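Quick notes on the structure that follows.
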């Protein structure tokens with residue numbers, strides 16, 4: 042248990058005064074943790090200029106909520122039946138709350154894809170297994186297909202490497218809290234208890250991490266969101282025991298809530314839905330992230346000369362790049378500095394100069410649905426062909442943009458394939474694919490710029506249509522305790538909000554064009570894309586008939 046005898050008190054705009062025991066302050070004051078002051082929490086500033094809060098303040102907020110959750114759960118009578126020291130687990134859980142984001146990349150989620158080597162987590166997983174010496178974890182990662190977010194894996198690694206002495210023999214539990222990797226092998230009461238605390242920091246539904254960012258993001262963005270009474274919610278946390286039909290587990294122990302938290306639980310989901318649909322999925326936010334992704338990849342490859350973010354770049358010791366410059370404690374300002382040094386880079390110019398930034402043809406999911414109303418099959422075909430086009434353009438190593446250069450490159454490949462005059466089916470299939478790629482690019486470019494200016498570029502970004510948090514199965518099975526009932530109830534059985542949520546993910550894409558584009562672009566693109574989809578569908582039907 043973390044000592045509360047000596048504390049430093051800081052003021053937070055959400056929670057008032059937060060107590061930081063000196064053991065925690067020793068972590069907070071290190072360069073590794075202070076780096077988070079220069080990691081922006083969200084990518085919302087293109088919409089909400091005041092949303093400049095950092096991972097530093099968010100981490101302190103999650104720590105505070107974690108200590109509140111610990112305090113309320115420590116009084117649960119269920120703990121009396123355990124014959125192991127629960128206090129050590131609560132202490133490590135609180136450290137995990139504090140350090141859960143210590144490994145974030147520059148610009149938070151926008152940059153974390155660069156932690157992966159060849160798109161895989163293998164090296165990060167192996168590093169975590171070596172640090173924790175947890176052989177069971179190795180089996181569980183393989184058996185359960187565990188795929189934590191890259192920043193969660195790096196945070197667990199950095200947390201153990203930098204502050205392992207504070208975790209003692211609980212390093213694996215610490216890592217699992219951050220990554221959400223629950224125990225699944227040889228479950229005893231101790232592991233079931235640990236799983237409860239793991240879910241309290243990293244779950245698919247409600248945890249202290251999500252709770253803080255819902256409160257903090259809307260506050261700093263200035264969004265008039267639904268009020269969340271976090272004190273009422275956390276004070277109603279409890280452990281719930283239920284009998285199971287499983288031969289390997291006769292009794293489960295889960296995190297649940299007393300019935301007084303039901304209204305707050307619903308508000309949490311409403312707030313989460315609002316942020317996801319209207320802020321995170323806004324096309325301006327999506328496009329800003331796209332620009333940063335392209336620039337981050339460029340800077341890492343050409344300036345730092347690495348394929349992915351090595352954790353040494355985040356360390357106090359740092360990493361010496363080929364020009365003998367040392368980079369340490371890599372953060373947003375490091376990347377911004379390099380962006381400003383890029384000459385004749387269209388993406389850097391567009392990022393720095395908002396006057397020339399591309400605009401989406403439609404500005405919301407609702408407008409997309411209105412434009413393509415009752416055209417689900419056509420949208421599916423268009424999306425598939427756009428994704429095929431993205432794969433083709435990405436083979437050259439460049440970003441997915443539609444311009445005259447890519448059309449000419451595609452046309453050259455078509456001519457080369459025609460010259461082969463091969464009756465080979467593979468050659469025919471490739472020729473048909475390239476002709477379709479070219480046709481689609483020409484449709485998009487001509488609809489925006491019929492003069493085919495060499496500098497005109499179009500960007501396509503894919504996403505999925507919003508699905509409410511109420512549709513998550515995990516919410517339906519969340520345990521609620523009523524004092525008048527012996528057994529707990531499932532949240533989905535006692536609220537009507539979860540009844541009509543069998544939604545399927547639908548396709549959604551945004552087309553970004555130069556701000557000077559013709560006002561009739563939407564109508565032109567809409568009509569030509571539908572004609573294109575109709576032609577593709579006829580070709581598929583003829584192919585099926587001939588076979």
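In my numbering, the protein residues as written are 42 to 588.
Here a beta-carbon is modelled for each residue, glycine too, at the ideal position from N, C-alpha and C.
Just so we're clear, the structure is a prediction, and the values are computed from it rather than from any experiment.
For this session: Under 7 Å Cβ to Cβ from residue 61, same chain only, skipping five residues before and after it: list those, please.
Result: Counting from one through the chain shown, the residue named residue 61 turns up at place 20. So the qualifying residues of the chain are 48, 49, 51, 69.
Exercise. Using a Cβ-Cβ cut-off of 6 Å (strictly less than) and excluding sequence neighbours within five positions of residue 541, which residues of its own chain qualify?
Worked result: Taking the first residue of the chain shown as position 1, residue 541 is located at position 500. Since pLDDT at residue 541 reaches only 47, below the 50 mark, its modelled position is unreliable, and the value read off the structure follows with that caveat. So the list is empty, once near-sequence residues are dropped.
Exercise. When the Cα of residue 144 is compared with those of 345, 556, 72, which residue comes out closest?
Worked result: By 1-based counting over the chain shown, the position of residue 144 is 103. It is 72 whose Cα lies nearest to the Cα of residue 144.
For this session: Using beta-carbon positions only, say whether residue 499 and residue 486 come within less than 8 Å of one another.
Result: Your numbering for residue 499 matches position 458 in the chain shown. Your numbering for residue 486 matches position 445 in the chain shown. It is a contact, given that the beta carbons lie within the stated cut-off.
Exercise. If you run the structure through DSSP and keep just helix, strand and coil, what is residue 390?
Worked result: As a position in the chain shown, residue 390 is number 349, starting the count at 1. Helix at residue 390.
Problem set entry | Neighbourhood of residue 81 by C-beta, 7 Å cutoff - its chain only, sequence neighbours within 5 removed | The count along the chain shown starts at 1 and reaches residue 81 at position 40. The answer, listed in chain order, is 93, 95, 148, 149, 373.
For this session: Measure the Cβ-Cβ separation of residue 506 and residue 406 and say whether it is below 8 Å.
Result: Against the chain shown, residue 506 aligns to sequence position 465. Against the chain shown, residue 406 aligns to sequence position 365. Their beta carbons are under 8 Å apart, which means residue 506 touches residue 406 by this criterion.
For this session: Please confirm if the segment 110 to 128 is in contact with the segment 164 to 182, defined as three or more CB-CB distances below 8 Å between the two stretches.
Result: no
Exercise. Is DSSP giving residue 377 helix, strand or coil here?
Worked result: The sequence position of residue 377 within the chain shown is 336, counting from 1. Of the three classes helix, strand and coil, the one that applies to residue 377 here is helix, per DSSP.
For this session: List the whole-angstrom C-beta distance separating residue 255 from residue 109, where the pair is believed to meet the contact cut-off of C-beta under 8 Å.
Result: Position 214 of the chain shown holds residue 255. Position 68 of the chain shown holds residue 109. Wrong, their Cβ atoms sit about 15 Å apart, outside the cutoff.
For this session: Keeping to the same chain, check which residues put their C-beta closer than 6 Å to that of residue 222; ignore five residues upstream and five downstream.
Result: One-based indexing of the chain shown puts residue 222 at position 181. Closer than 6 Å at Cβ, skipping near neighbours: 187.
Problem set entry | Neighbourhood of residue 53 by C-beta, 8 Å cutoff - its chain only, sequence neighbours within 5 removed | If you number the chain shown from 1, residue 53 lands on position 12. Cβ neighbours of residue 53 beyond the five flanking positions: 59, 98, 101, 102, 105.
Problem set entry | Counterpart residues of residue 365 in DSSP-defined beta bridges | What you label residue 365 is simply residue 324 of the chain shown in a count that begins at 1. DSSP output for residue 365 lists no bridge partner at all.
Exercise. Does the separation of the CB atoms of residue 502 and residue 392 fall below 8 Å?
Worked result: What you label residue 502 is simply residue 461 of the chain shown in a count that begins at 1. What you label residue 392 is simply residue 351 of the chain shown in a count that begins at 1. Their beta carbons are not under 8 Å apart, which means residue 502 does not touch residue 392 by this criterion.
Problem set entry | Boundaries (first-last residue) of the beta strand (DSSP E) holding residue 48 | Locating residue 48 in the chain shown gives position 7, where the first residue counts as 1. Here the beta strand (DSSP E) through residue 48 covers 48 to 53.
Exercise. When the distance is taken between beta carbons, is residue 476 closer than 8 Å to residue 448?
Worked result: Looking up residue 448 in the chain shown gives position 407. Looking up residue 476 in the chain shown gives position 435. Against a cut-off of 8 Å, the Cβ pair of residue 476 and residue 448 comes out as no contact.
Exercise. What is the DSSP secondary structure of residue 269, counted as helix, strand or coil?
Worked result: Position 228 of the chain shown, counted from the first residue, corresponds to residue 269. DSSP places residue 269 in coil when its eight states are reduced to three.
For this session: Return the Cβ separation of residue 355 and residue 347 in integer angstroms, given the expectation that the two are a contact with Cβ distance under 8 Å.
Result: As a first step, residue 355 is located in the chain shown; it is residue number 314 there, counting from the start. As a first step, residue 347 is located in the chain shown; it is residue number 306 there, counting from the start. At roughly 13 Å, the Cβ-Cβ gap does not stay under 8 Å, so residue 355 and residue 347 are not in contact.
Exercise. Applying the criterion that 16 or more other CB atoms from any shown protein chain within 10 Å of the CB defines a buried residue, is residue 409 buried or exposed?
Worked result: For this step, residue 409 is matched to residue 368 along the chain shown. Looking at its Cβ environment, which holds 16 or more other Cβ atoms inside 10 Å, residue 409 is buried.
Exercise. Any idea which residues DSSP pairs residue 57 with across the strands?
Worked result: For this step, residue 57 is matched to residue 16 along the chain shown. BP columns for residue 57 point to 53.
Exercise. Among the residues of its own chain, which have a CB less than 8 Å from the CB of residue 536, if the five just before and after it don't count?
Worked result: For this step, residue 536 is matched to residue 495 along the chain shown. Same-chain partners within the cutoff: 303, 307.
Problem set entry | Per DSSP, the bridge partner or partners of residue 501 | Numbered from its first residue, the chain shown carries residue 501 at position 460. In the DSSP output, where bridge partners are listed per residue, residue 501 has 552.
For this session: Answer with buried or exposed for residue 358, where buried requires no fewer than 16 other C-beta atoms within 10 angstroms of its C-beta.
Result: Counting from 1 along the chain shown, the entry for residue 358 is found at position 317. Result: exposed.
Problem set entry | Closest by C-alpha distance to residue 363, when choosing among 344, 353, 379 | For this step, residue 363 is matched to residue 322 along the chain shown. That would be 344, whose Cα lies nearest to the Cα of residue 363.
Exercise. Can you check whether the CB of residue 404 is closer than 8 Å to the CB of residue 594?
Worked result: Since the first residue of the chain shown is 42 and the last is 588, residue 594 is not available in this structure.
For this session: Evaluate the contact criterion for the segment 213 to 222 versus the segment 238 to 258: three or more CB pairs, one atom per stretch, below 8 Å.
Result: yes
Problem set entry | residue 518, buried or exposed, once every other Cβ within 10 Å from all chains shown has been counted against 16 | Counted from its first residue, the chain shown places residue 518 at position 477. Burial call: exposed.
For this session: Tell me whether residue 575 is buried or exposed, calling it buried when 16 or more other Cβ atoms sit within 10 Å of its Cβ.
Result: Counted from its first residue, the chain shown places residue 575 at position 534. Classification for residue 575: exposed.
Exercise. Can you give, in chain order, each stretch of the alpha helix (DSSP H) that sits fully within the segment 305 to 375 and has at least 4 residues?
Worked result: 324 to 343
Problem set entry | C-alpha gap between residue 210 and residue 171, whole angstroms | As a first step, residue 210 is located in the chain shown; it is residue number 169 there, counting from the start. As a first step, residue 171 is located in the chain shown; it is residue number 130 there, counting from the start. Each residue's Cα considered, the two are about 14 Å apart.
Exercise. If you compare alpha carbons, which of 396, 570, 504 is closest to residue 419?
Worked result: Reading the chain shown from its first residue, position 378 is the one you call residue 419. Of the listed residues, the one whose Cα sits closest to residue 419 is 570.
For this session: Compute the distance between the beta-carbons of residue 192 and residue 153, then report whether it is under 8 Å.
Result: Here residue 192 refers to the residue found at position 151 of the chain shown. Here residue 153 refers to the residue found at position 112 of the chain shown. A contact, by the Cβ cut-off of 8 Å.
For this session: Note down, in chain order, each residue of its chain lying with its Cβ closer than 8 Å to the Cβ of residue 334, except the 5 sequence neighbours on either side.
Result: The count along the chain shown starts at 1 and reaches residue 334 at position 293. So the list reads 151, 152, 154, once near-sequence residues are dropped.
For this session: For residue 226, name the three-state secondary structure that DSSP assigns.
Result: The residue labelled residue 226 in the question sits at position 185 within the chain shown. It is coil, neither helix nor strand.
Exercise. Tell me the DSSP bridge mates of residue 283?
Worked result: Here residue 283 refers to the residue found at position 242 of the chain shown. According to DSSP, which records beta bridges pairwise, residue 283 is partnered with 293.
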